[in-house]
Structures are given as structure tokens and as C-alpha cells.
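In this note's numbering, the protein residues as written are 4 to 190.
See below:
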């Protein structure tokens, strides 16, 4: 009976499907970066009186919360990918998206991800998004399960980074294990 209960628990904890790591919501986020939020608020004002206050209020609330969160785990939406190392932990099969806050300033850029702790397996995709063109996945890599690879750094060179939003989508692939990481972009 204990064996059957353990088996049932493992089935429930296992991911429903296994898939390659994609760019996540990078295209959507990049489009949001390319197109400022204010014109959308202005369109709402033209369509319905009083909506501007709601739109600006929500925008202000999210911005205030994210300022308080200081780009950590509590940040609403994607984290900002910077030249400073940033750390975090993927718990189980959750995911995390990092994007540059603007377009790349230099060519080439190097995106680095380092496994810092945990026994979890994680995939990651490095993508770039030009203005008015589809997001392109440049790399689809993985850190193996276990702790023997703690300290391992994987680097992806983005040859044409200038005028592109760069992103890293990290996807946890171990239902019951964590993946600690650090990420950064170098120009």
C-alpha cells in the first residue's frame, strides 16, 4: 500500500509533458518594451471616459511594487537582465524570464548563466527580439540534474545584439528539486 501511495504521489508531482525550452513570453515582453504603455492608455481614454485613471493607477501600482521588490523574486513580470550578476532560484517546474530593459548597445554581447545551488535540472533559451520582426531563439541549452555541476557557467554569444532586446528564459525541469542560478549580459 505504501508503494502504491508513493507511486501515485510521484505521478502527481511529475510534469504533464516534457518540452524543449522556448523563448517563453519573450516576444510579448519585447513588444511591450518596443511600444510604450502610455499610447495604450491614451487610446483607452478616447474609447471610454475615466479609463485613463485606471490604466495609470495600475501602471503606477505595478511600478511601485516592482521598485520595492528591487528586481528580486517578488517582481511582477520579467526581471531586468543587466551587466551585474543577478541570482535566483527556480523551484520545481516554475520558470523565470529576464529581458534587457532596452536594446543592446554593443556587438557582440555575451549572455552567461551559472548554476549556483540545488540538484534540479533546468533548460534555458537565449533569444533576441528586433523591432517589428519575430523573436529569434539563439540557443537552447540545459544544466543536468544533480549537484556535480554547481559552479558551471554556460555562455551564449549574441553576435548581432545592437538594436535587439535580449532575453533569457529559464525553465525548471525537476518537479521536486530546486535550481539556483546567476545570470548576466556583457557588452
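By construction, the Cβ of each residue, glycine as well, lies at the ideal position given by its N, Cα and C atoms.
Handout entry: Beta-carbon contacts of residue 150 that lie in its chain and below 6 angstroms, excluding the five residues immediately before and after
Key = Within the chain shown, the letter at position 147 stands for residue 150. Closer than 6 angstroms at Cβ, skipping near neighbours: 122.
Problem - Candidates 182, 91, 93 and 127, of which the one nearest residue 148 by Cα - result: The residue given as residue 148 occupies position 145 in the chain shown. Residue 182 holds the alpha-carbon nearest to the alpha-carbon of residue 148 among 182, 91, 93 and 127.
Exercise for the section: Check the DSSP bridge columns for residue 144 and list the partner residues they point to. Expected result: The residue labelled residue 144 in the question sits at position 141 within the chain shown. Its beta-bridge partners are 127.
Exercise for the section: Report the option in 142, 68 and 166 whose CA atom is closest to the CA atom of residue 160. Expected result: Counted from its first residue, the chain shown places residue 160 at position 157. The shortest CA-to-CA distance from residue 160 to any of 142, 68 and 166 is the one to 142.
Problem - Cβ-heavy atom distance, residue 85 to the ligand COA, below 8 angstroms - result: Summarising the ligand content, the structure contains no ligands, and the ligand COA is consequently not present.
Exercise for the section: Taking only the alpha-carbon atoms, compute the straight-line gap between residue 108 and residue 189 and give it to the nearest angstrom. Expected result: The count along the chain shown starts at 1 and reaches residue 108 at position 105. The count along the chain shown starts at 1 and reaches residue 189 at position 186. Cα to Cα, residue 108 sits roughly 10 angstroms from residue 189.
Practice task
Report the three-state DSSP secondary structure of residue 74 (helix, strand or coil).
Solution key: Position 71 of the chain shown, counted from the start, is the residue given in the question as residue 74. Coil.
Practice task
Say whether the region 82 to 97 touches the region 127 to 134, bearing in mind that this needs 3 or more beta-carbon pairs closer than 8 angstroms, one atom from each stretch.
Solution key: no
Problem - Which residues DSSP lists as bridging residue 184, in chain order - result: Position 181 of the chain shown, counted from the first residue, corresponds to residue 184. Per DSSP, 91 and 118.
Handout entry: Alpha-carbon spacing of residue 93 relative to residue 178, whole angstroms
Key = To locate residue 93, count along the chain shown from 1; it is residue 90. To locate residue 178, count along the chain shown from 1; it is residue 175. Between the C-alpha atoms of residue 93 and residue 178 there is a straight-line separation of about 11 angstroms.
Practice task
Tell me, to the nearest whole angstrom, how far the beta carbon of residue 124 is from that of residue 156; I am working on the premise that it is less than 8 angstroms.
Solution key: If you number the chain shown from 1, residue 124 lands on position 121. If you number the chain shown from 1, residue 156 lands on position 153. Residue 124 to residue 156, Cβ: 17 angstroms. No contact.
Handout entry: Below-9 angstroms beta-carbon distance, residue 104 vs any chain D residue
Key = The structure shown contains no chain D; it holds only a single protein chain.
Problem - Same chain, Cβ closer than 6 angstroms to residue 21, neighbours up to 5 away in sequence not counted - result: Within the chain shown, the letter at position 18 stands for residue 21. Bear in mind that a pLDDT of 40 at residue 21, under 50, signals an unreliable position, so the number given afterwards is only what the model happens to contain. Nothing listed; no residue qualifies.
Problem - Cβ shell of residue 153 (< 7 angstroms), same chain only, five flanking positions each side left out - result: Within the chain shown, residue 153 is the residue found at index 150, counting from 1. Result list for residue 153: 118, 119 and 120, in chain order.
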